[in-house]
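For the sequence shown, the residue numbers in the UniProt record's numbering are 1 to 670.
Structure record follows, encoded as structure tokens.
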Amino acid sequence: MRVGIEVGGTFTDLVAVSGGGVGVAKVPSTPRSPDVGAFGALSVAGIAPSDVSDLVHGSTVATNAILERRGARVASVATAGFRDILFLQRHDRRSIYDLRYRKPAPPVRRRDCFEVAERLDASGAVLAPLDEAAVARDLVPALAAGGYEAVAICLLSAYASGAHEARLRDLLAAALPGLRVACSHEVAPEFREWERASTTALSAYVQPVIDGYLDRFEAALGRAGFAGRFSVMQSNGGRLPAAAMRRSAITALFSGPAAGVVGAVRQAARSGRGDLITFDMGGTSTDVSLVRGGEPSLAPETEVDGLPIRTPVLDIVSVGAGGGSLVWIDDGGMLRVGPRSAGAEPGPACYGRGGSLPTVTDAHVVRGTIRPDAFLGGAMRLDAGAAHRAFAEVAARLGTDVAGAAAAAIRLAVANIVRAIQLVSTERGRDPRDCALLPFGGAGPLLAAEIAEELGLSEILVPPNPGVVSALGLLSADYLKVYGATRRMPLDGDAPDALRRAHAALRAQALEEFRGLGLGDTVEDSLEADMRFVGQAFEIPVAVETAGLTAAGLAERFTEAHRRVYLHGGEPGRRVEVVGLRYGVRRRLDALPEPRERASGLARPPEAEVALPDGGRARARLVDAAALPAGAPLHGPALIEGYSSTTWVPPGWTAVRDAARNTLLRRSAA
1 MRVGIEVGGT FTDLVAVSGG GVGVAKVPST PRSPDVGAFG ALSVAGIAPS
51 DVSDLVHGST VATNAILERR GARVASVATA GFRDILFLQR HDRRSIYDLR
101 YRKPAPPVRR RDCFEVAERL DASGAVLAPL DEAAVARDLV PALAAGGYEA
151 VAICLLSAYA SGAHEARLRD LLAAALPGLR VACSHEVAPE FREWERASTT
201 ALSAYVQPVI DGYLDRFEAA LGRAGFAGRF SVMQSNGGRL PAAAMRRSAI
251 TALFSGPAAG VVGAVRQAAR SGRGDLITFD MGGTSTDVSL VRGGEPSLAP
301 ETEVDGLPIR TPVLDIVSVG AGGGSLVWID DGGMLRVGPR SAGAEPGPAC
351 YGRGGSLPTV TDAHVVRGTI RPDAFLGGAM RLDAGAAHRA FAEVAARLGT
401 DVAGAAAAAI RLAVANIVRA IQLVSTERGR DPRDCALLPF GGAGPLLAAE
451 IAEELGLSEI LVPPNPGVVS ALGLLSADYL KVYGATRRMP LDGDAPDALR
501 RAHAALRAQA LEEFRGLGLG DTVEDSLEAD MRFVGQAFEI PVAVETAGLT
551 AAGLAERFTE AHRRVYLHGG EPGRRVEVVG LRYGVRRRLD ALPEPRERAS
601 GLARPPEAEV ALPDGGRARA RLVDAAALPA GAPLHGPALI EGYSSTTWVP
651 PGWTAVRDAA RNTLLRRSAA
């Protein structure tokens with residue numbers, strides 16, 4: 001049995017594959033102890049850990065530790081003269097009109113920043129050796145007295161040579177056993193000091209949190225008789241064994257959203273769709289991503305709480321517009337949705353767990369697109385009266401009735417999500433109308449048609465069990481590791497051989513690590529070069545095939561990539577350079593069987609009343625998602641009710657289930 005468990009902000013989702021069958025389960029998350037929710041999902045699904053051979057896990061533990069500032073007590077060590085790199089940052093301002101603007105606060109206090117005497121030049125040559133005597137005399141006692149759980153080492157030019165960082169790590173390990181050490185040449189071996197220092201500091205900050213979480217999780221699994229493989233999802237769309245995550249916790253920051261994109265892409269491929277806008281609306285946020293040709297885009301950097309993290313991540317934009325997002329009115333009397341959320345505790349008012357503030361989920365209950373009797377296949381009954389009471393104050397302040405306030409909240413949530421989709425599409429020169437919208441998450445299919453109408457999209461592809469696609473993505477993910485390296489070289493006749501040598505060195509490093517993790521050496525790999533014109537401040541990733549590589553061929557690829565991004569190919573004859581490499585190594589896993597909708601067995605009336613965005617009301621057909629036959633068109637208005645989510649088919653739209661069990665929504669012909 002293979003099991004994927006994804007811990008979200010509101011619900012914990014499980015997908016289990018055994019033989020040719022796929023089972024699903026969904027339980028409320030336990031924010032204070034996410035592992036409790038994970039084991040709760042196993043219990044609800046009736047799965048004994050001893051029966052599981054492959055367990056893949058994704059969670060928001062690392063992200064929450066940064067956002068809530070609940071990480072470890074961390075010290076940082078820099079080259080003498082560079083102690084304040086975490087505070088100087090860059091000279092930009094995120095909010096240029098804010099007179100009280102403050103730069104993002106790093107996870108390290110200034111009093112916890114230390115220096116060591118050493119210096120390397122940009123090529124890695126030693127200008128001044130590491131002063132080991134000063135390390136023993138000054139640094140070790142200071143770290144011992146500070147009660148630190150981890151230390152982040154980021155020395156100048158360590159991306160070119162990690163010798164000084166490695167030696168300093170060994171000295172600290174010998175003097176202070178048990179102290180976790182993160183070195184920048186291992187965490188983010190790429191140039192740009194502030195980004196490298198920030199990534200290393202955040203890695204040290206979350207590593208003890210991840211270690212503690214994995215320790216508890218693995219101990220509980222062991223007590224339950226689990227003896228299989230335990231893997232953790234990464235932000236780059238691949239998984240790694242839990243042992244590897246203990247050395248690179250920073251790569252697990254966006255494991256849940258990344259898993260969702262992977263699961264959505266794999267399921268869409270069954271219907272022959274490769275150009276997609278994935279739209280994951282869960283309990284606390286909405287994550288959107290643009291996919292071309294069945295391959296999600298990989299970004300070299302992301303940020304959390306304004307702090308840059310230089311690690312490859314799937315190109316995902318998040319907004320605070322989930323089902324649990326709070327609906328509120330600001331000081332100027334304007335209606336707002338999110339980014340604050342009711343979370344899993346107490347949750348939306350309709351959950352009946354003590355929440356009293358209105359949320360997007362409550363708005364759907366008021367509108368009628370979520371029926372209280374049908375939530376989670378009838379396993380969790382909602383309180384419709386509480387949802388109406390929660391919107392009473394908002395309605396009074398807006399001068400409308402409760403139904404009008406709920407409709408306004410949904411329109412605003414749609415607008416927020418449309419804006420996020422525009423960030424990954426039109427603002428990057430890509431027309432969203434060329435893509436199918438693929439909604440998932442518990443709340444995604446409820447708003448998909450309205451979002452598609454705003455964007456001018458004509459096709460929506462709803463996967464089976466849309467509320468647990470992220471958990472499905474965990475099982476769909478291959479083993480993957482992405483390595484970065486700074487390699488500055490002019491694009492001349494010597495460049496192809498230099499790139500081939502660098503490729504061979506990175507491949508040898510990757511294979512050694514994969515063998516050590518028990519993953520063997522049957523792998524696929526890819527290489528990208530970060531390239532730019534000499535004098536440019538930023539670079540463009542260009543795919544590199546080292547076999548038959550020529551300087552002219554690589555220059556042509558760079559020109560094409562430059563034209564795609566900047567709409568011109570640059571001045572003829574201008575010099576081009578390579579400044580960095582990104583090498584990915586992947587071990588593919590067997591494909592999953594075709595998922596099926598979980599049957600609820602719920603008795604339902606033939607129709608229900610739904611409020612429409614224009615203020616009117618309609619009688620919508622009620623259909624069991626598990627019973628929807630393939631090829632039979634279902635004309636809106638209709639509600640397709642499944643165990644994990646409900647799909648709203650508005651008037652003017654038609655839904656048809658295809659042979660891959662995806663439900664295709666199209667606008668009806670006028």
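A virtual CB, placed ideally from N, CA and C, is assigned to each residue, including glycine.
In this text the structure is predicted, and so the values were computed from the model without any measurement.
| Query | Result |
| --- | --- |
| Would you identify the three-state DSSP class for P177, choosing helix, strand or coil? | coil |
| Taking the alpha helix (DSSP H) that T200 falls in, what are its first and last residues? | E193 to R223 |
| Please confirm whether any heavy atom of the ligand NAD lies closer than 7 Å to the CB of A626. | This structure simply doesn't include the ligand NAD, nor any ligand for that matter. |
| Mapping the DSSP letters down to three states, classify T369 as helix, strand or coil. | coil |
| Is the separation between the beta-carbon of P637 and that of V610 shorter than 8 Å? | yes |
| On the DSSP bridge assignment, give the partners of E6 in chain order. | D13 and G58 |
| Reducing DSSP to helix, strand and coil, say where A403 ends up. | helix |
| Okay, do the stretch 324-342 and the stretch 299-313 touch, 3+ Cβ pairs below 8 Å being the bar? | no |
| Buried or exposed: which applies to D330, given that a residue is buried once 16 or more other Cβ atoms fall within 10 Å of its Cβ? | exposed |
| Express the C-alpha separation of G441 and G282 in angstroms, rounding to a whole number. | 5 Å |
| Is the stretch 162-170 touching the stretch 129-139 in the sense that three or more CB pairs, one from each, lie closer than 8 Å? | yes |
| Leaving out five residues on either side along the sequence, give the residues of the same chain with a beta carbon under 8 Å from the beta carbon of R507. | D525, Y583 and V585 |
| Less than 8 Å between the C-beta atoms of L475 and R2, yes or no? | yes |
| Quick one: complete beta strand (DSSP E) runs, 3+ long, within the stretch 524-584? | 524-533 and 540-544 |
| Return the residue from the list T286, T302 and G467 that minimises the CA-CA distance to L253. | T302 |
| Where do the N-terminal and C-terminal ends of the alpha helix (DSSP H) with L506 fall, by residue? | A495 to G516 |
| D112 and V74: beta carbons closer than 8 Å? | yes |
| Look at the alpha carbon of G294 and the alpha carbon of A452, and state the distance between them as a whole number of angstroms. | 20 Å |
| Here's a check: name, in chain order, each residue in its chain whose Cβ is nearer than 7 Å to the Cβ of D89, leaving out the five neighbours to either side. | Note on identity: in this sequence residue 89 is Gln, with Asp being the wrong assignment. Taken in chain order, the residues that qualify are K103 and W194. |
| Any chance you could list the beta strand (DSSP E) runs of at least 3 consecutive residues sitting entirely within the stretch 118-158, in chain order? | 126-128 and 150-154 |
| Nearest CA to the CA of V414: which residue from S18, R596, G256 and L446? | L446 |
| Compute the Euclidean distance between the alpha carbons of D362 and G631, then round it to the nearest angstrom. | 33 Å |
| Evaluate the contact criterion for the stretch 238-250 versus the stretch 198-214: three or more CB pairs, one atom per stretch, below 8 Å. | yes |
| Here's the rule: buried if 16 or more other CB atoms are within 10 angstroms of the residue's CB, otherwise exposed. What is H568? | exposed |
| DSSP beta-bridge partners for L335? | I329 |
| For S490, report the span of its beta strand (DSSP E) as first-last. | A quick correction: the sequence has Pro, not Ser, at residue 490. Per DSSP, P490 belongs to the beta strand (DSSP E) from Y479 to P490. |
| I'd like the ranges of any alpha helix (DSSP H) spanning at least 4 consecutive residues and lying wholly in the stretch 246-291. | 255-269 |
| Starting from G444, follow the alpha helix (DSSP H) in both directions and report where the run begins and ends. | G444 to L455 |
| Which of the three DSSP states is assigned to H635 in this structure? | strand |
| Less than 7 Å between C-beta atoms, sequence neighbours within five positions excluded: which residues of the same chain meet that for S123? | A160 |
| Whole-angstrom Cβ separation of residue 672 and A38, contact assumed at under 8 Å? | The question about residue 672 has no answer, for the chain in this structure spans 1 to 670. |
| Classify T426 as helix, strand or coil using the three-state DSSP reduction. | helix |
| Report the rounded CA-to-CA distance for G238 versus V313, giving the unit in angstroms. | 10 Å |
| Quick one: using the 10 Å Cβ neighbour count with 16 as the cut-off for buried, is H364 buried or exposed? | buried |
| DSSP puts R617 in a beta bridge; with which residues? | A611 |
| Could you check if T647 is buried or exposed, using at least 16 other CB atoms within 10 Å of its CB as the buried criterion? | buried |
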